[in-house]
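Note sheet for the following structure.
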Amino acid sequence: MNDLKNLAESLPLDIQILKVIETVVILLVFLLIKSIASKVIDRAAIKFDYEKVRAKVIKKLINIVALILVAIILLAIWGIKQTEITVFVSSMLTVLGIAFFAQWSILSNITSSVIIFFNHPITVGDNLTIMDKDYEIEGKISDIGIFFITIKTTKGELVSTPSSVFMQKMVKRNH
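The sequence shown runs 8 to 182 under the working numbering.
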């Protein structure tokens, strides 16, 4: 923090004012994006009759990603060297890229949850059958979380499956 304070004190007043204006603009854009994303998610939740909890989880994910981007931009505005940001961002993208391709990774499940939210016709309370060559699961969806989908089987058992695995299986919706 002292480095930023020293940097701010060493800059001419007009450059400091410009940086403050840029910061305010970035924060306003962040709030605008957050508001628009929230409205889009709410519309999707209403259109597909999703629960509020499900929409809330997706909103949090989008806000976290937007907040990280804002933090990176603000660091660039306030004088963090571009090479340092580039190294950090490329390292993070590499880690994310590896994680997205990893079959059982946490990020893979989060991404699958977002896809299920926007594009999958299932909702909590639906009866379904997950068709698998080894073990078929039939029951009612009791929860769709950020990492797992929980199904109450016809025998009364609670079975949770990772979201990424659920995306890979053929699902038959029972009426």
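Even glycine gets a Cβ: it sits at the ideal position worked out from N, Cα and C.
In this structure, the beta-carbon distance from phenylalanine 155 to serine 171 does not fall below 8 Å. Threonine 157 and leucine 165 have their C-alpha atoms roughly 7 Å apart. Sequence-distant partners of isoleucine 65 (beyond 5 residues in either direction) whose C-beta falls short of 7 Å from its own C-beta, in its chain, are Ile48, Val121 and Phe124. About 6 Å separates the beta carbon of isoleucine 144 from that of threonine 160, a gap short enough to meet the 8 Å contact definition. Rounded to whole angstroms, the separation of the alpha carbons of arginine 180 and tryptophan 85 is 53 Å.
Between valine 96 and isoleucine 79, the CB-CB gap stays under 8 Å. Taking the Cβ atoms as the reference, valine 131 lies roughly 7 Å from serine 149, within the contact range of under 8 Å. Counting only residues of its own chain and dropping the five nearest sequence neighbours on each side, alanine 44 has a CB closer than 8 Å to the CB of Lys66, Ile69, Asn70 and Ala73. In chain order, Lys176, Met177, Val178 and Lys179 place their CB closer than 8 Å to the CB of methionine 138, counting only its own chain and leaving out the 5 sequence neighbours on each side. Counting only runs of 3+ residues, the beta strand (DSSP E) found wholly inside the region 145 to 174 occupies 155 to 160 and 165 to 169, in chain order.
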